[in-house]
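Asks:
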């Protein structure tokens, strides 16, 4: 696969797991996992909050370092997606043990994040993209719904803040269900998109000319 020149398109010659961003992913995953397991064993809301906070901070940091050092890889994106779900599953199941009355919003959120959003996030592999962050090269609407900054905020910290801040079953359930509906609609739309061959550019119909700046959201 030759690199077409678009900033978000894959560069197979630079694929490796041995990068600083991937090291950050590994460290934050282990740290968040340790805090989450300790929170479960001790029934500590504080430790579980720290587990989520470490996951969020590390997830932001590994992405920023990857972009700023130009070390984004498909393998790194896959590792990030998988590690995100490990950290979230442990923290949320710990929260469920402390707040069993919140089983409905937590259940909807886990169904979305672990299964539906997991499948959707890995759908970028059908195109020669570095990560789902560059899905706007394929379909801008799906990118806005899922990987723009507001969408990422809604899908992670906002739902968490509402669920464990208000502890309202119905408000948090409604919000989680709305996000789940968006994810399902996104999967339907992605499934209808034509797939390119993996040897060219991810931007369907675009000319393969260098565009490292304008392609960024």
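Numbering (this note's numbering), first residue to last: 17 to 233. C-beta atoms are modelled at their ideal positions from N, C-alpha and C, and glycine is treated no differently. Note that this is a predicted model, so its numbers are computed, not measured.
1) Can you give the Cα-Cα distance for residue 228 and residue 176, rounded to whole angstroms?
2) How many angstroms separate the CA atom of residue 60 from the CA atom of residue 106?
3) Name the residue from 193, 140, 146 and 104 whose alpha carbon lies nearest to the alpha carbon of residue 32.
4) Given a threshold of 16 other Cβ atoms within 10 Å of its Cβ, counted over all protein chains shown, does residue 44 qualify as buried or as exposed?
5) Using the rule of at least 16 other Cβ atoms within 10 Å of the residue's Cβ for burial, across every protein chain shown, is residue 29 buried or exposed?
6) Can you tell me whether DSSP reads residue 239 as helix, strand or coil?
7) Could you pull the DSSP bridge partners for residue 145 from this structure?
8) Residue 196 to residue 148, Cα distance in whole Å?
9) For residue 189 versus residue 116, is the C-beta spacing smaller than 8 Å?
10) Return the first residue and the last residue of the alpha helix (DSSP H) that residue 103 is part of.
11) So, helix, strand or coil for residue 32, using DSSP?
12) In terms of residue numbering, what span does the alpha helix (DSSP H) encompassing residue 191 cover?
13) Relative to the C-alpha of residue 184, which residue among 119, 206 and 127 is closest?
14) In chain order, what residues of the same chain lie with their CB nearer than 7 Å to the CB of residue 88, ignoring the 5 residues before and after it?
Replies: In brief:
1) Note that residue 228 has pLDDT 37, beneath the 50 cutoff, so the model's placement of it is unreliable and the number below is only indicative. About 34 Å.
2) One Cα belongs to residue 60, the other to residue 106, and the distance between them is close to 13 Å.
3) The shortest C-alpha separation from residue 32 is found at 146.
4) Burial state of residue 44 is buried, judged by a 10 Å Cβ sphere holding 16 or more other Cβ atoms.
5) Looking at its Cβ environment, which holds fewer than 16 other Cβ atoms inside 10 Å, residue 29 is exposed.
6) The question about residue 239 has no answer here: the residues shown for the chain are numbered 17 through 233.
7) DSSP lists 25 as partners of residue 145.
8) The alpha-carbon separation between residue 196 and residue 148 amounts to approximately 18 Å.
9) Between residue 189 and residue 116, the gap from beta carbon to beta carbon reaches 8 Å or more.
10) Counting along the chain, the alpha helix (DSSP H) containing residue 103 begins and ends at 90-114.
11) In the displayed model, residue 32 falls within coil according to three-state DSSP, outside both helix and strand.
12) Note, residue 191: alpha helix (DSSP H), 185-207.
13) Of the candidates 119, 206 and 127, the residue whose Cα lies closest to the Cα of residue 184 is 119.
14) Answer for residue 88: 82, 146 and 147, listed in chain order.
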